[in-house]
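As C-alpha cells, the structure follows; a few thoughts come after it.
Structure (C-alpha cells):
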C-alpha cells in the first residue's frame with residue numbers, strides 16, 4: 003500500500019484526500035485507510051507530505067459522508083410547533 007501511494011504521488015495527482023471527520027486516508031477510488039491503519043502502515047498524512055511531496059485535501063470517507071448527510075437531512079426537516087387546544 004505504501005508503494006502504491008508513493009507511486010501515485012510521483013505519477014499523478016500529488017494530492018491526498020483525508021476525511022475531515024475521522025482522518026481516514028483515501029488510497030484509491032474505492033478504498034480508505036482509517037487513521038489507525040494508516041499509522042500502522044506508516045502512511046499518516048504528515049509522513050506522506052514530507053516524504054512523497056503530496057499535499058492534502060479534505061473530504062468525507064463514505065461512512066462519515068453518510069453520517070453527515072443524515073444529520074443534514076434531520077436539520078432540513080420543517081419544524082411543526084405543537085398545536086394547543088384551549
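Numbering (the numbering used here), first residue to last: 3 to 88.
Cβ atoms here follow ideal geometry from the backbone N, Cα and C, with glycine treated the same way.
Alpha carbons only, please: which of the options is nearest the one belonging to residue i?
{"i": "residue 68", "options": "23, 87, 18", "result": "23"}
{"i": "residue 38", "options": "31, 26, 76, 30", "result": "26"}
Taking only three categories from DSSP, how would you classify residue i?
{"i": "residue 85", "result": "coil"}
{"i": "residue 80", "result": "coil"}
In whole angstroms, what separates the C-alpha of residue i from that of residue j?
{"i": "residue 72", "j": "residue 17", "result": "28 Å"}
{"i": "residue 74", "j": "residue 65", "result": "14 Å"}
{"i": "residue 40", "j": "residue 84", "result": "49 Å"}
What does residue i pair with, by DSSP beta-bridge criteria?
{"i": "residue 60", "result": "20"}
{"i": "residue 28", "result": "34"}
9 Å is my cut-off, CB to CB: does residue i come that close to chain D?
{"i": "residue 70", "result": "The structure shown has no chain D; it contains just one protein chain."}
Do the CB positions of residue i and residue j come within less than 9 Å of each other?
{"i": "residue 28", "j": "residue 34", "result": "yes"}
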